[in-house]
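The block underneath contains the structure these notes are about, expressed in structure tokens.
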Amino acid sequence: MTSTHDIDTPVLVVGGSLVGLSAAVFLAWRGVPTVVVEKHAGSAAHPRAIGYTTRTLELFRAVGLDSAIPVIPGDSKPPGRARVESLAGQRITEYPWTPPTDRPRLEYSLSKAIAVAQDRLEPLLRAKALELGADLRPGTTLLGLAQDVDGVTATVRRADGQEYRIRARYVIAADGARSPIRESLGIGRDGRGLLSVQRSVLFRADLDEYLRDGIVQFEIDQPDLQAFLTTYSDGRWVLMAPGDYDREESEWRGLIEKAIGRTDLDIEILTTGRWELAALIADRFSDGRVFLAGDAAHQLPPNRGGYGANTGIEDAHNLAWKLAEVLAGRSDPSLLGTYDAERRPIALLRHEQIFARADYKAHLTTDAPAAEVIDDDAMELGQLYRSAAVLGAGPELPRAQRPEQWAGQPGTRAPHVRVRAGDREISTLDLFQRGWVLLSEDADWSTTAAAAADKLGLEVTFVHIGVDAEPVDPQAFRDFYGIGANGATLVRPDGYIAWRTTDRPADAAGVFVAALAEVSAAVS
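The numbering of the sequence shown is UniProt numbering, which starts it at 1 and goes up by one.
Listed below in structure tokens is the structure:
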């Protein structure tokens with residue numbers, strides 16, 4: 001791990017924070033040797049992100065990480081937010097975490113969204129990446145990149161000043177909102193831009209009594225203090241205050257006491273921070289063999305949907321399987337072009353939705369009406385990919401819908417249905433993410449899948465629904481996947497549906513080979 005001579009690696013990840021570490025985990029889990037360089041020695045003193053969505057936990061579940069993440073005790077209801085005079089003072093109004101709805105609540109996943117501070121999650125990601133064989137190099141600064149037709153050469157410097165080179169086939173730039181890599185590639189950004197600059201103070205205090213009703217975020221509304229106070233649910237709190245200037249500890253302590261509404265508590269100030277709240281999307285997410293991920297690709301302000309961190313983690317997951325297939329020689333490098341085609345529209349959609357919601361609607365600067373708010377379940381679990389790695393996701397389709405509305409539409413996340421496999425009850429989601437998977441109730445698709453896999457040199461697993469995986473509710477499978485008894489659904493290595501047929505075509509073998517070859521960019 002501490003070698004300083006010139007080295008070769010299939011993938012170099014620049015940036016060892018949340019997104020870079022997630023990329024290392026997803027790549028190493030797929031058997032891709034990966035080097036991560038990070039200029040800092042460890043996690044930032046300020047925890048930053050805290051909320052991780054159901055989809056993020058599904059991705060962590062697939063690599064065996066979810067069980068290691070600590071769960072904060074409490075009920076499973078969404079956290080609350082309120083505008084208050086102070087924590088101990090008058091409560092002015094409460095806001096629902098998600099827009100209220102009268103529709104029945106369906107089970108979309110076995111995974112659940114969680115709240116855990118980023119500085120508690122990152123060590124778990126580091127440990128998992130190391131366990132899987134990733135090469136993590138903290139205290140290592142990137143000095144420059146040079147691309148050529150065969151790869152990328154990075155020059156890096158250790159904390160002790162020693163410089164060396166890393167030769168990589170591909171590079172993932174997870175180097176933050178100010179991304180020197182993005183800047184060096186001349187990739188511009190567009191969006192709402194800088195919204196505000198705020199200063200924060202992280203502190204510890206015994207304030208659990210104010211969390212009993214589930215409110216965890218507080219907008220402080222006083223004539224001389226407009227601020228935001230929230231908990232990390234581990235005894236630590238952060239107060240965000242407007243004004244881009246340094247404050248002495250005594251001033252911060254006074255602001256904390258005003259926000260709490262009490263002066264009789266022991267308050268331990270841990271650190272302070274400076275935050276630029278901005279909304280900017282990169283003009284493109286790749287340049288040759290270099291791919292932008294996380295804040296380097298899309299800077300999104302904090303919101304109740306958790307779009308910043310979670311969008312970046314999904315970037316890394318989307319890119320990891322494609323790099324694995326290309327590096328293994330199973331797919332043509334053209335498959336990597338679908339990364340920008342799939343992930344950039346998602347970033348743009350989330351940028352739009354942030355300003356459609358109450359938290360940031362005030363930042364709209366035109367008279368044009370705000371976009372219609374898309375259901376949170378649709379945004380989290382029903383986004384649509386349109387690319388060469390999907391067949392049948394036309395421009396006429398909406399950008400996001402709930403899973404039951406999509407009913408197995410290609411380009412969407414394969415839906416969750418409870419199934420029995422052996423003596424266990426699992427989710428259909430547990431059947432995916434290792435390779436290509438073909439699902440059908442018709443056993444004849446087994447030979448079709450095997451023949452196509454052999455012809456194209458791909459790994460395709462056939463899952464016989466009703467035998468290998470028996471739906472707890474057979475009709476639920478047909479409804480959520482939108483296929484009949486003789487139809488079939490092809491699921492990509494990232495758990496997204498690539499192709500389906502509602503019934504078995506006359507030339508099933510030819511049709512399936514052609515479809516699989518197209519969506520996988522198979523080299524055979």
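Glycine included, each C-beta is placed from N, C-alpha and C at the ideal position.
Taking 8 angstroms as the cut-off, the Cβ atoms of residue 321 and residue 500 do not count as close. Excluding sequence positions up to five before and after residue 202, its CB lies within less than 8 angstroms of the CB of 45, 46, 47, 236, 237, 238, 269, 270, 271, 272 and 273, all in the same chain and listed in chain order.
Taken in chain order, the unbroken stretches of beta strand (DSSP E) that lie wholly in the segment 441-504 and span 3 residues or more are 460-464, 488-491 and 497-501.
Residue 308 sits buried, since 16 or more C-beta atoms from the chains shown fall within 10 Å of its C-beta. If you compare the alpha carbons of 401, 395, 154 and 392 with that of residue 373, the shortest gap goes to 401. 316 is the residue among 58, 440, 316 and 330 whose C-alpha sits nearest the C-alpha of residue 292. Counting only residues of its own chain and dropping the five nearest sequence neighbours on each side, residue 180 has a CB closer than 8 angstroms to the CB of 142.
In this structure, the CA atom of residue 290 is about 11 angstroms from the CA atom of residue 153.
Cβ-Cβ distances below 8 angstroms link residue 207 to 87, 231, 237, 260 and 265 in the same chain, with the five nearest sequence neighbours on each side left out; the list follows chain order. In the three-state DSSP reduction, residue 263 falls in the coil class, being neither helix nor strand. Rounded to the nearest whole angstrom, the CA to CA distance from residue 462 to residue 445 is 8 angstroms. Along the segment 195-253, the beta strand (DSSP E) occurs as fully enclosed runs of 3 or more residues at 215-222, 225-231 and 236-242, listed in sequence order. Classified as buried, residue 199 has 16 or more neighbouring CB atoms from the shown chains inside 10 Å of its CB. Here the segment 116-126 lies against the segment 14-22, with 3 or more beta-carbon pairs under 8 angstroms apart. For a cut-off of 8 angstroms, the C-beta gap from residue 262 to residue 6 is around 59 angstroms, too long to register as a contact. Here residue 147 carries a strand assignment [DSSP, helix/strand/coil]. Rounded to the nearest angstrom, the gap between the Cα atoms of residue 409 and residue 433 is 18 angstroms.
The criterion of a C-beta distance shorter than 8 angstroms is satisfied by residue 458 and residue 330.
About 5 angstroms separates the beta carbon of residue 414 from that of residue 495, a gap short enough to meet the 8 angstroms contact definition. Scanning 159, 229 and 69 for the CA closest to the CA of residue 252 turns up 229. Sequence-distant Cβ neighbours of residue 295 in its own chain, meaning closer than 6 angstroms and more than five residues away, are 176 and 177. Within the segment 57-145, the runs of alpha helix (DSSP H) at least 4 residues long that lie entirely inside it are, in chain order, 118-131. Proximity to residue 41 across 466, 126 and 165 peaks at 126, based on C-alpha coordinates. The continuous beta strand (DSSP E) containing residue 8 extends over residues 7-14. If the five residues before and after residue 513 are omitted, its C-beta is found closer than 8 angstroms to the C-beta atoms of 451, 452, 455 and 456, all from its own chain and listed in chain order. The continuous stretches of alpha helix (DSSP H) do not include residue 412, and DSSP gives it neither H nor E. Here residue 472 is near residue 425, since their CB atoms are less than 8 angstroms apart. Residue 485 and residue 27 have their alpha carbons spaced roughly 36 angstroms apart. Residue 516 sits in a helix when the DSSP states are folded into three classes. Under the Cβ criterion (8 angstroms, minimum of three pairs), the segment 240-249 does not count as touching the segment 110-117.
Looking at the DSSP output, residue 277 bridges to 196.
Between residue 215 and residue 81 a beta carbon distance of about 7 angstroms is seen, short of the 8 angstroms cut, so the two are scored as contacting. Rounded to whole angstroms, residue 352 and residue 399 show a C-alpha spacing of 12 angstroms.
Three or more beta-carbon pairs separated by less than 8 angstroms link the segment 274-283 to the segment 187-199, which places the two stretches in contact.
A distance below 6 angstroms between beta-carbons, with the five flanking residues on each side excluded, links residue 133 to the following residues of its chain, in chain order: 28. DSSP places residue 182 in no beta strand (DSSP E) but in the uninterrupted alpha helix (DSSP H) bounded by 180-184.
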